[in-house]
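Structure, as structure tokens:
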Amino acid sequence: MSENISVGVVGCGYWGPNLIRNFDRLTGARVAAICDLTKERLEHVANLYSDAIPYTDFDKMLAEADLDAVVVATPVKTHHSLAKAALMAGKHTLVEKPMASSTAECDELISLAEARGLTLMVGNTFLYSEPIHRIKEIIEMGDIGEVLYINSQRLNLGLFQKDINVAWDLAPHDISIILHLLGETPDVVNCQGNAHITPGIEDITNMSLSFGTHRFASIQSSWLEPRKVRQMTIVGSRRMVVYDDLEPREKIRVYDVRVERPPHYDTFGEFHYSYHYGDCYIPYIQQEEPLQVLCKHFLHCVETGEKPVSCGRQGAELVRILEACSESLASGGAPVQFAAAPGVVSPFEGGGLKVVGSE
Ligand SMILES: NC(=O)c1ccc[n+]([C@@H]2O[C@H](COP(=O)([O-])OP(=O)(O)OC[C@H]3O[C@@H](n4cnc5c(N)ncnc54)[C@H](O)[C@@H]3O)[C@@H](O)[C@H]2O)c1
3 MSENISVGVV
13 GCGYWGPNLI
23 RNFDRLTGAR
33 VAAICDLTKE
43 RLEHVANLYS
53 DAIPYTDFDK
63 MLAEADLDAV
73 VVATPVKTHH
83 SLAKAALMAG
93 KHTLVEKPMA
103 SSTAECDELI
113 SLAEARGLTL
123 MVGNTFLYSE
133 PIHRIKEIIE
143 MGDIGEVLYI
153 NSQRLNLGLF
163 QKDINVAWDL
173 APHDISIILH
183 LLGETPDVVN
193 CQGNAHITPG
203 IEDITNMSLS
213 FGTHRFASIQ
223 SSWLEPRKVR
233 QMTIVGSRRM
243 VVYDDLEPRE
253 KIRVYDVRVE
263 RPPHYDTFGE
273 FHYSYHYGDC
283 YIPYIQQEEP
293 LQVLCKHFLH
303 CVETGEKPVS
313 CGRQGAELVR
323 ILEACSESLA
333 SGGAPVQFAA
343 APGVVSPFEG
353 GGLKVVGSE
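Right under this line is the structure:
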């Protein structure tokens, strides 16, 4: 492999240019080629990155450009075929979230990468964000007690997708954060929703994840909301954390609040819940673009052969949960049992961000 890892990016729509910008800025990498079916988009991005050779044909890019790695930032339904072609051509591959349209597709990509000794990573951006890193630390330090419940909202007007519903589009972020914070996989998934604009494609969904440890998480996703909301509440037995990703600096607040039941009481008159209201503190968050950390981590894994934090197995686990959501949606929100294969440890167990943060 050359000193500079040579990267080709396919997909120059909304998200692809952010990946191109970040790889372009990193020492140790060069964006050697870019690809998009739409000539107009390709020309626009090619004008900004004149060293990258533009292609409208992905197979031609794979055959002609001297690439070490490929980044797939196209619509979800194309992830599997593009990532498969990249892996078959011997390229380390970073695929945007969600990894593919089905667990079977994800499993095939994982096997291909393993058989060829290639890095396969999924673009779960929030696993590389400093606020999530800090919240994980706060939980692990025992500062908020035992995590009881997580509530997450990701709402805004659009961007409407044509091939996937709002749960597949937005909830992968929330699911990846929740599974990372709890270090476990849910065993029951419920999802309700409605398609108001495009027939058959839900634009609002409410999802619940129940965990074997009696913990619970709810995720509200919407493309039909006047305000942009990116909020998560982590309710602990001693304290509670509110994470607002739209806050420019003070993204995390830790509230010293809790409710306690008296351990003993003899008469109803003696029974009182005890509400504790204490201080609120705002941990300092180092400002670093999560996508920059993600791209750096991908290059590190390509160079060293280390397993990425957001590895293919995590990507497949998220897709398995999204499939369970679709099944539940189709039956009006009925619970779908989500048993992990016996003996299989959740790919979200254990940390990961510490490794990334220290890079
Ligand atoms: N990690 C994040 O925070 C984040 C944020 C936004 C989007 N995404 C993901 O990025 C991916 C792309 O999303 P987007 O919003 O940029 O979509 P988009 O529709 O804006 O752009 C996709 C681009 O891919 C091109 N394309 C499609 N098929 C192609 C093919 N076979 N060969 C070459 N080009 C092809 C299209 O012409 C289009 O320009 C999705 O998987 C999405 O979930 C991730």
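Here this note's numbering = 1-based position in the sequence shown + 2.
Glycine included, each C-beta is placed from N, C-alpha and C at the ideal position.
Note that the coordinates shown come from a computational prediction; the quantities given were computed from them, not determined experimentally.
> When every heavy atom of ligand 1 is checked, does at least one fall within less than 7 Å of the C-beta of Thr127?
Replying inline: yes
> Who are the near neighbours of Pro292 in its chain, counting only those whose CB is closer than 6 Å to its CB and skipping five residues on each side?
Replying inline: Thr127, Tyr130 and Ser131
> Got a sec, what are the start and stop residues for the beta strand (DSSP E) Met101 sits in?
Replying inline: Neither: Met101 is in no beta strand (DSSP E) and is coded neither H nor E.
>> With H, G and I counted as helix, E and B as strand and the rest as coil, what does DSSP make of Arg32?
In response: strand
> So, is Leu159 buried or exposed, given that buried needs 16 or more other C-beta atoms within 10 angstroms?
Replying inline: exposed
>> In this structure, how does DSSP classify Cys297 when only helix, strand and coil are distinguished?
In response: helix
> So, are the CB atoms of Val97 and Gly125 less than 8 Å apart?
Replying inline: yes
>> Determine whether the beta carbon atoms of Leu21 and Lys298 lie at a separation below 8 Å.
In response: no
> Roughly how many angstroms lie between the CA atoms of Gly317 and Ser223, to the nearest whole one?
Replying inline: 19 Å
> Going straight from the alpha carbon of Lys356 to that of His135, what length do you get?
Replying inline: In this prediction, Lys356 scores a pLDDT of 48, lower than 50, which makes its location untrustworthy; the coordinate-derived value is nonetheless stated afterwards. Taking the straight line joining both Cα atoms gives about 7 Å.
>> Please determine whether the Cβ atom of Gly185 lies at a distance below 7 Å from any heavy atom of ligand 1.
In response: no
> Which full runs of the alpha helix (DSSP H) of 4+ residues lie inside the stretch 99-185, going along the chain?
Replying inline: 105-118, 132-142 and 168-184
> Which residues does DSSP pair with Ala219 in a beta bridge?
Replying inline: Ile152 and Leu211
>> Quick check: does the Cβ of Arg156 come within less than 7 Å of any heavy atom belonging to ligand 1?
In response: no
> So who's on the other strand from Asn20, going by DSSP bridges?
Replying inline: Paired residues: none, contrary to the question.
> Quick one: is Phe300 buried, meaning 16 or more other Cβ sit within 10 Å of its Cβ, or exposed?
Replying inline: buried
> Ile203 to His278, Cα distance in whole Å?
Replying inline: 44 Å
> Within the chosen definition, does the stretch 225-238 reach the stretch 166-183 through at least 3 CB pairs nearer than 8 Å?
Replying inline: yes
>> If contacts are defined as beta-carbon pairs under 8 Å, then Met90 and Pro310 qualify, I think. What distance do you get, rounded to the angstrom?
In response: That pair is no contact at about 20 Å.
>> What does the alpha-carbon distance come out to for the pair Pro10 and Lys164?
In response: For the sequence presented, residue 10 should be read as Gly rather than Pro. Taking the straight line joining both Cα atoms gives about 25 Å.
>> When you compare the stretch 54-62 with the stretch 145-152, are there three or more beta-carbon pairs, one atom per stretch, that lie closer than 8 Å?
In response: no
> Under 7 Å from any heavy atom of ligand 1, does the C-beta of Gly1 make it?
Replying inline: Lying outside 3 to 361, the shown extent of the chain, residue 1 is not represented and no answer is given.
>> Is Asp171 a contact residue of ligand 1, with contact defined as CB to any heavy atom under 7 Å?
In response: yes
>> Less than 8 Å between the C-beta atoms of Ala31 and Asn49, yes or no?
In response: no
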